[in-house]
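Protein chains in written order, with this note's numbering: chain A, 1 to 245; chain B, 246 to 404.
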């Protein structure tokens, strides 16, 4: 059943797959980001209470969603790296980590910029903000743990274990606004029963989420290509590739 | 799946469940302390299974909805007072300073301050809590009957 996946365990096939996928991600990112930002920032109507300040939602929410999405993919790669001991999965963990750290930082910074005018404070130690900050530290922890080892095999294993342990934080982030009293508002998009966001704002938000997903995917693929090349730099296929280019 | 992989997979699952259970227990034990604020009913009736009430002079945060019509501003200073409600009891907040943009009657807020009487708090910080609803002004008018204009406050002298 999984036979068709087996060739991609080889570094050169995985490298080729990255090359094939990359243009699709690039096109999705560019098209959706242009549409999403112009639609969201210029054409979507202003909110009835927050006026134009709410527009930060078009960057804040996609980056927050992707910070958790990227972490889940990193953890899945980490499980594969530990159980099946595929080196490509290890490289994927380390390819995703800095990208995830960046979107998490974007979510935190845009959130602070919105919080100052709306709440009246840059930062509050409520459960949602604190758990998202912990997510950033987890990303940084995975990264620094990987780079702390001289032996890359041990490094990959240690980073993968930390990535898996950190998965516990994802449900805490998501449900923090329901389990505890927080200053951060509850979930908007996943509140299906009542319409919490008007469709004139919902659709540009969706476009932006797709754009961010494409962007995270694209940068991850580029990083993964680099990691594969670096790890395999003494192999003949890399030499060939370099000679050709 | 070959036995070695199975063993490793079990190891990973055990790590996740073990740590999940540990963190779950920690969060359960800290349940009351992770909440950012007291609600007015918790402040008046006590919080948790032991109905613990905060004592006078304690620094705390309180969150609730500003009772419409309760905002009283002093005409000559930034002094303002208002009442908070959640499900029943009322708590009065006194505050001197600039209120955030989103502060209005009927809006949720979180105030940090010192309890000076069982139901009066002298706040040094007032934060507005926004809800999860986003809509354009016209829709809000149609759905909620909210006119899009700056709210009016009752001035003490009836100005």
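We put the CB at the ideal spot given by N, CA and C, even for glycine.
Judged by pairs of C-beta atoms under 8 Å, the segment 143-150 of chain A does not touch the segment 106-122 of chain A, as fewer than three such pairs exist. Put simply, the CB of residue 68 of chain A is far from chain B, with every gap to its CB atoms at 7 Å or more.
For residue 306 of chain B, there is no enclosing alpha helix (DSSP H); the enclosing beta strand (DSSP E) covers residues 304-311. In the three-state reduction of the DSSP assignment, residue 285 of chain B falls in the helix class. Rounded to whole angstroms, the separation of the alpha carbons of residue 166 of chain A and residue 69 of chain A is 13 Å.
Buried is the label assigned to residue 60 of chain A, since at least 16 other Cβ atoms lie within 10 Å of its Cβ.
As the crow flies, the alpha-carbon of residue 385 of chain B is around 49 Å from that of residue 257 of chain B. Between residue 350 of chain B and residue 358 of chain B, the C-beta spacing is not below 7 Å.
For residue 355 of chain B, the closest Cβ of chain A is nearer than 7 Å. Contact with chain B is found for residue 168 of chain A, since one of that chain's Cβ atoms lies less than 7 Å from the residue's Cβ. Note that the C-beta distance between residue 90 of chain A and residue 186 of chain A is not below 7 Å.
Looking at the DSSP output, residue 47 of chain A sits in a beta bridge with A/51, B/381. Excluding five sequence positions before and after residue 210 of chain A, the CB atoms of its chain that fall closer than 6 Å to its own CB belong to 32, given in chain order. Rounded to the nearest angstrom, the gap between the Cα atoms of residue 338 of chain B and residue 47 of chain A is 28 Å.
Close partners of residue 196 of chain A in chain B (Cβ separation under 8 Å): 377, 378, 379.
Against chain B, a Cβ distance below 9 Å from residue 200 of chain A picks out 380, 381, 384. Excluding sequence positions up to five before and after residue 334 of chain B, its CB lies within less than 8 Å of the CB of 285, 286, 288, 289, 290, 364, all in the same chain and listed in chain order. Taken atom to atom, the span from the alpha-carbon of residue 234 of chain A to that of residue 241 of chain A is near 12 Å. Per DSSP, reduced to three states, the secondary structure at residue 83 of chain A is helical.
Taking residue 123 of chain A as reference, the option from B/246, B/254, B/281 with the minimal CA-CA separation is B/281. By the criterion of a C-beta distance shorter than 8 Å, residue 99 of chain A is surrounded in its chain by 70, 216, 219, 220, 223, once the five residues flanking it on both sides are discounted.
Ranked by how close their Cα comes to the Cα of residue 332 of chain B, the residues B/271, B/362, B/308, B/268 have B/308 in first place.
Close CB contacts of residue 283 of chain B within its chain, under the 8 Å cut and outside five residues either way in sequence, are with 292, 299, 305, 306, 307, 308 (chain order). With respect to chain B, the C-beta atom of residue 114 of chain A has no partner C-beta closer than 7 Å.
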